[in-house]
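Protein chains: 4
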Amino acid sequence: MPRVSEEHLERRRTQILDAARTCFVRKGFHETSMQDIFAESGMSAGAVYRYFKSKTEIIQALASDAIGGLAVYVADVLAEDPVPPLDDAVGRLTSRITSMTDGLGATMRLAPQAWALALYNEEFGDYVRERMTGFRELWVIYVERLRDAGMVPADTDCRAAGKALFGMLPGFVIQYLLVGDITPEEFRRGLRALASSTALAPDPA
Amino acid sequence: MPRVSEEHLERRRTQILDAARTCFVRKGFHETSMQDIFAESGMSAGAVYRYFKSKTEIIQALASDAIGGLAVYVADVLAEDPVPPLDDAVGRLTSRITSMTDGLGATMRLAPQAWALALYNEEFGDYVRERMTGFRELWVIYVERLRDAGMVPADTDCRAAGKALFGMLPGFVIQYLLVGDITPEEFRRGLRALASSTALAPDPA
Amino acid sequence: MPRVSEEHLERRRTQILDAARTCFVRKGFHETSMQDIFAESGMSAGAVYRYFKSKTEIIQALASDAIGGLAVYVADVLAEDPVPPLDDAVGRLTSRITSMTDGLGATMRLAPQAWALALYNEEFGDYVRERMTGFRELWVIYVERLRDAGMVPADTDCRAAGKALFGMLPGFVIQYLLVGDITPEEFRRGLRALASSTALAPDPA
Amino acid sequence: MPRVSEEHLERRRTQILDAARTCFVRKGFHETSMQDIFAESGMSAGAVYRYFKSKTEIIQALASDAIGGLAVYVADVLAEDPVPPLDDAVGRLTSRITSMTDGLGATMRLAPQAWALALYNEEFGDYVRERMTGFRELWVIYVERLRDAGMVPADTDCRAAGKALFGMLPGFVIQYLLVGDITPEEFRRGLRALASSTALAPDPA
DNA sequence: TATGAATGAGGTTTCATTCAT
DNA sequence: CATGAATGAAACCTCATTCAT
Numbered sequence: 055m056p057r058v059s060e061e062h063l064e065r066r067r068t069q070i071l072d073a074a075r076t077c078f079v080r081k082g083f084h085e086t087s088m089q090d091i092f093a094e095s096g097m098s099a100g101a102v103y104r105y106f107k108s109k110t111e112i113i114q115a116l117a118s119d120a121i122g123g124l125a126v127y128v129a130d131v132l133a134e135d136p137v138p139p140l141d142d143a144v145g146r147l148t149s150r151i152t153s154m155t156d157g158l159g160a161t162m163r164l165a166p167q168a169w170a171l172a173l174y175n176e177e178f179g180d181y182v183r184e185r186m187t188g189f190r191e192l193w194v195i196y197v198e199r200l201r202d203a204g205m206v207p208a209d210t211d212c213r214a215a216g217k218a219l220f221g222m223l224p225g226f227v228i229q230y231l232l233v234g235d236i237t238p239e240e241f242r243r244g245l246r247a248l249a250s251s252t253a254l255a256p257d258p259a
Numbered sequence: 055m056p057r058v059s060e061e062h063l064e065r066r067r068t069q070i071l072d073a074a075r076t077c078f079v080r081k082g083f084h085e086t087s088m089q090d091i092f093a094e095s096g097m098s099a100g101a102v103y104r105y106f107k108s109k110t111e112i113i114q115a116l117a118s119d120a121i122g123g124l125a126v127y128v129a130d131v132l133a134e135d136p137v138p139p140l141d142d143a144v145g146r147l148t149s150r151i152t153s154m155t156d157g158l159g160a161t162m163r164l165a166p167q168a169w170a171l172a173l174y175n176e177e178f179g180d181y182v183r184e185r186m187t188g189f190r191e192l193w194v195i196y197v198e199r200l201r202d203a204g205m206v207p208a209d210t211d212c213r214a215a216g217k218a219l220f221g222m223l224p225g226f227v228i229q230y231l232l233v234g235d236i237t238p239e240e241f242r243r244g245l246r247a248l249a250s251s252t253a254l255a256p257d258p259a
Numbered sequence: 055m056p057r058v059s060e061e062h063l064e065r066r067r068t069q070i071l072d073a074a075r076t077c078f079v080r081k082g083f084h085e086t087s088m089q090d091i092f093a094e095s096g097m098s099a100g101a102v103y104r105y106f107k108s109k110t111e112i113i114q115a116l117a118s119d120a121i122g123g124l125a126v127y128v129a130d131v132l133a134e135d136p137v138p139p140l141d142d143a144v145g146r147l148t149s150r151i152t153s154m155t156d157g158l159g160a161t162m163r164l165a166p167q168a169w170a171l172a173l174y175n176e177e178f179g180d181y182v183r184e185r186m187t188g189f190r191e192l193w194v195i196y197v198e199r200l201r202d203a204g205m206v207p208a209d210t211d212c213r214a215a216g217k218a219l220f221g222m223l224p225g226f227v228i229q230y231l232l233v234g235d236i237t238p239e240e241f242r243r244g245l246r247a248l249a250s251s252t253a254l255a256p257d258p259a
Numbered sequence: 055m056p057r058v059s060e061e062h063l064e065r066r067r068t069q070i071l072d073a074a075r076t077c078f079v080r081k082g083f084h085e086t087s088m089q090d091i092f093a094e095s096g097m098s099a100g101a102v103y104r105y106f107k108s109k110t111e112i113i114q115a116l117a118s119d120a121i122g123g124l125a126v127y128v129a130d131v132l133a134e135d136p137v138p139p140l141d142d143a144v145g146r147l148t149s150r151i152t153s154m155t156d157g158l159g160a161t162m163r164l165a166p167q168a169w170a171l172a173l174y175n176e177e178f179g180d181y182v183r184e185r186m187t188g189f190r191e192l193w194v195i196y197v198e199r200l201r202d203a204g205m206v207p208a209d210t211d212c213r214a215a216g217k218a219l220f221g222m223l224p225g226f227v228i229q230y231l232l233v234g235d236i237t238p239e240e241f242r243r244g245l246r247a248l249a250s251s252t253a254l255a256p257d258p259a
């Protein structure tokens with residue numbers, strides 16, 4: 055009795071990923087055993103292994119969904135017309151991050167583990183690298199739009215600025231997850247302060 | 055060989071930590087077995103366990119050393135008189151980070167794993183939280199000095215700005231470790247661009 | 055082979071317990087390693103741990119079976135109608151003990167280890183205490199029946215007598231196991247001699 | 055620096071045995087590590103091993119002391135002139151047992167472990183067997199004295215009776231240690247009840 | 001004589017994965 | 001398609017004992 059509906063397959067996959075996410079958020083990748091996932095999902099070992107051929111594959115699928123979920127949002131925000139100001143863009147994205155941390159899936163809690171895994175699992179590292187690069191490119195393009203709109207100097211190194219902006223997000227994630235004493239609003243204020251600063255070394259050029 | 059000198063004990067400890075660091079950098083915390091550490095250190099199981107009573111304790115010692123090493127440097131830079139400009143400060147710290155990544159110990163490669171571990175190991179989490187908070191406080195004080203020196207507006211939210219500045223470092227670490235296409239110099243240029251930007255939303259006040 | 059019959063599961067359990075009993079009788083609880091049990095049972099580590107979640111649980115199951123096996127027999131003998139004479143009751147129970155010592159399982163050889171374990175393992179101690187108390191109660195009831203039948207004085211402290219009678223069994227077990235120079239028949243003769251004695255101190259009352 | 059006084063040696067031995075006894079009473083033979091004994095005695099590994107060449111030897115020395123301590127007392131009581139009545143003899147010995155259980159050394163708490171060990175350690179088994187036999191012989195002689203004094207029938211099987219009497223002690227020990235709801239006085243009453251019983255099968259002869 | 005650092009085999013238990021049913 | 005019993009390598013850690021100092 056093969057011929058199972060596409061929809062059924064997708065439901066099963068989701069069921070597994072939801073269970074795995076719950077477990078991973080609760081205990082971490084390594085402390086979560088496949089048995090935990092079987093129990094949480096209410097599925098048998100064999101069933102789970104029909105949909106994912108290894109634990110790593112489950113982790114990758116989850117990471118992929120998470121990155122995807124954020125990427126779509128980032129793309130939307132950064133592509134808005136007219137180009138949104140720096141502090142608005144960052145503020146909205148960090149808000150999104152908090153909701154991805156506290157919401158049901160709590161997906162964002164997996165981020166540090168995914169970074170760590172990417173360092174030691176080549177295949178996963180390639181994947182994360184690729185997505186991260188693409189993701190960051192959105193910021194570069196955003197800065198180019200700022201430049202074109204005259205909101206940053208015409209000779210701005212847009213790539214460098216994109217990297218710096220993108221680089222603020224992991225720092226927010228870590229402070230939010232580990233210390234927990236930061237809000238999107240405060241982070242936004244901090245960014246405004248930096249952008250208002252004149253505390254730069256004399257132009258080296 | 056009983057009645058051993060204090061120095062001997064310290065050398066043993068270092069020998070273990072060096073071996074462990076090498077293993078952890080190579081394979082990650084979880085993929086490194088205690089056997090790996092015994093082999094790398096050339097010591098027996100019993101000997102290693104005389105100095106550290108668990109694998110976690112080794113990880114903590116390593117993290118502690120690493121955080122300490124960076125903290126001292128950060129403290130030095132941020133406390134300089136006269137207060138160094140933003141881009142200089144960040145530039146020098148990211149340089150330090152690259153040397154802690156590529157140097158012998160390559161300690162910084164452990165950072166993402168430590169963040170991940172801190173999320174799921176309460177004791178370690180407490181420790182990291184505490185150190186991270188103290189570390190970040192240095193940035194807050196630094197911004198206050200900038201303010202006192204008139205290099206940022208007098209009404210700057212120094213705490214928020216400190217958090218934002220501190221928050222740039224994890225982003226640099228991740229890009230440097232995972233993607234590898236960033237340099238302290240480029241990051242510094244990016245920061246200069248942000249600080250020169252006028253792309254802020256109208257003051258909400 | 056999933057979806058396995060109840061009977062199959064029971065067979066596995068028995069297979070493990072039989073192997074464990076053999077090992078324990080041969081080498082004792084502590085000298086028997088789990089590897090020994092895997093080898094003796096012909097099962098893998100994982101399989102054994104599916105049925106018992108620790109070595110202690112195996113020991114407890116074995117003790118439980120043994121105590122149960124003896125208790126049923128004791129209950130039968132002591133409840134017989136008409137109430138059996140002292141020497142018959144003790145004689146038959148010690149016979150039972152010898153067959154539980156020499157028979158296939160040789161379960162009774164585990165008794166001293168179980169007593170020792172009960173002293174240092176709280177949970178196991180509670181269990182043994184409870185069973186031993188229930189077991190001993192059968193003797194108390196038996197003496198009450200002797201009293202009601204006029205075979206011991208009407209003012210007999212039946213509880214004390216029950217404890218004394220029950221207390222003869224460990225002494226038989228130890229002499230049988232450790233020295234080996236005693237038989238149920240001889241023990242019975244000894245008991246008859248005590249019961250025929252007039253060597254008591256003057257009634258303290 | 056050789057030529058250490060005999061007294062010094064003896065003091066060291068005692069120091070070790072006291073520490074070991076404390077540990078064994080607290081945690082049992084197997085759960086007590088040599089490290090525990092080093093710590094409890096305040097001596098170094100090397101020092102302890104100078105006096106006892108193995109853990110087993112310490113256990114044996116302790117068992118030897120304990121058996122000896124009880125044996126001397128038993129010999130005294132059973133050899134009294136005139137020959138003491140049954141219930142007095144047993145009552146006084148069980149009292150002694152309680153004081154050896156609750157006293158400082160709590161030596162008697164080691165008995166079940168010693169019995170268990172004797173079953174699986176041939177050398178120790180031989181030793182215990184020998185001592186137990188000698189010990190029991192005191193009871194046989196005691197019954198012979200009862201017979202000679204006309205306090206038991208002239209045709210009494212004194213050996214059998216001695217074994218039965220001796221056999222009551224382990225049962226007292228176990229009830230006292232494991233259940234804890236028995237006193238020498240109650241045990242004595244129970245014995246009196248048995249000796250007053252007429253509940254014997256018709257003489258098989 | 002005394003020290004205590006060192007040994008390293010061996011302890012129990014877990015886990016991702018497979019495959020007969 | 002689904003089940004879940006079974007595998008067995010490998011994980012972390014302890015321990016009785018030794019011997020250079």
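Residue numbers (the working numbering), protein chains in the order written: chain W, 55 to 259; chain S, 55 to 259; chain G, 55 to 259; chain D, 55 to 259.
Yeah, the Cβ is synthetic: ideal placement off N, Cα and C, and Gly gets one too.
Run the CB neighbour count on residue i, radius 10 Å, all protein chains shown included, and call it buried at 16 or more, exposed below.
i, result
"D:Gly-82", "buried"
"G:Thr-261", "This structure cannot speak to residue 261 of chain G, because chain G is shown only from 55 to 259."
"D:Gly-234", "exposed"
"D:Arg-190", "buried"
"W:Arg-243", "buried"
"G:Arg-146", "buried"
"G:Asp-257", "exposed"
"S:Gly-225", "buried"
"D:Pro-56", "Caution is warranted here: a pLDDT of 46 is assigned to D:Pro-56, below 50, making its placement in the model unreliable, and no coordinate value can be reported."
"G:Leu-63", "exposed"
"S:Lys-107", "exposed"
"S:Glu-184", "exposed"
"D:Glu-240", "buried"
"W:Pro-136", "exposed"
"S:Val-102", "buried"
Between residue i and residue j, which are expected to be in contact by the criterion C-beta below 8 Å, what is the C-beta distance as a whole number of angstroms?
i, j, result
"W:Ala-170", "S:Ala-170", "4 Å"
"G:Ala-168", "G:Ala-117", "5 Å"
"D:Ala-253", "G:Val-182", "That pair is no contact at about 29 Å."
Going by C-alpha distance, which of the options is nearest residue i?
i, options, result
"D:Thr-76", "D:Gly-96, D:Glu-60, D:His-62", "D:Gly-96"
"W:Arg-104", "W:Ala-129, W:Asp-119, W:Ile-70", "W:Ile-70"
"D:Tyr-174", "G:Ala-165, G:Thr-252, G:Ala-125, G:Met-154", "G:Ala-165"
"W:Gly-221", "W:Met-88, W:Ala-172, W:Thr-148", "W:Thr-148"
"S:Ala-125", "S:Ala-255, S:Ile-236, S:Gly-188", "S:Gly-188"
"W:Leu-158", "W:Ala-93, W:Val-79, W:Arg-65, W:Glu-60", "W:Val-79"
"S:Met-162", "S:Val-131, S:Gln-229, S:Ala-101", "S:Gln-229"
"D:Val-128", "D:Val-102, D:Ser-59, D:Leu-219", "D:Leu-219"
"W:Phe-178", "W:Glu-61, W:Glu-85, W:Lys-109", "W:Lys-109"
"S:Asp-180", "W:Val-137, W:Leu-231, W:Asp-130, W:Val-131", "W:Leu-231"
"S:Gly-100", "S:Asp-130, S:Ile-113, S:Arg-66, S:Leu-245", "S:Arg-66"
Sufficient close CB pairs (3 or more, under 8 Å) joining the region 141 to 153 of chain W to the region 196 to 213 of chain S: With fewer than three CB-CB distances shorter than 8 Å, the region 141 to 153 of chain W does not count as touching the region 196 to 213 of chain S.
Given 8 Å, three or more beta-carbon pairs between the region 197 to 207 of chain G and the region 177 to 196 of chain D: Not touching, per the Cβ criterion.
The region 238 to 254 of chain W in contact with the region 130 to 145 of chain W per 3-pair CB rule at 8 Å: Counting Cβ pairs under 8 Å, three or more are found: they touch.
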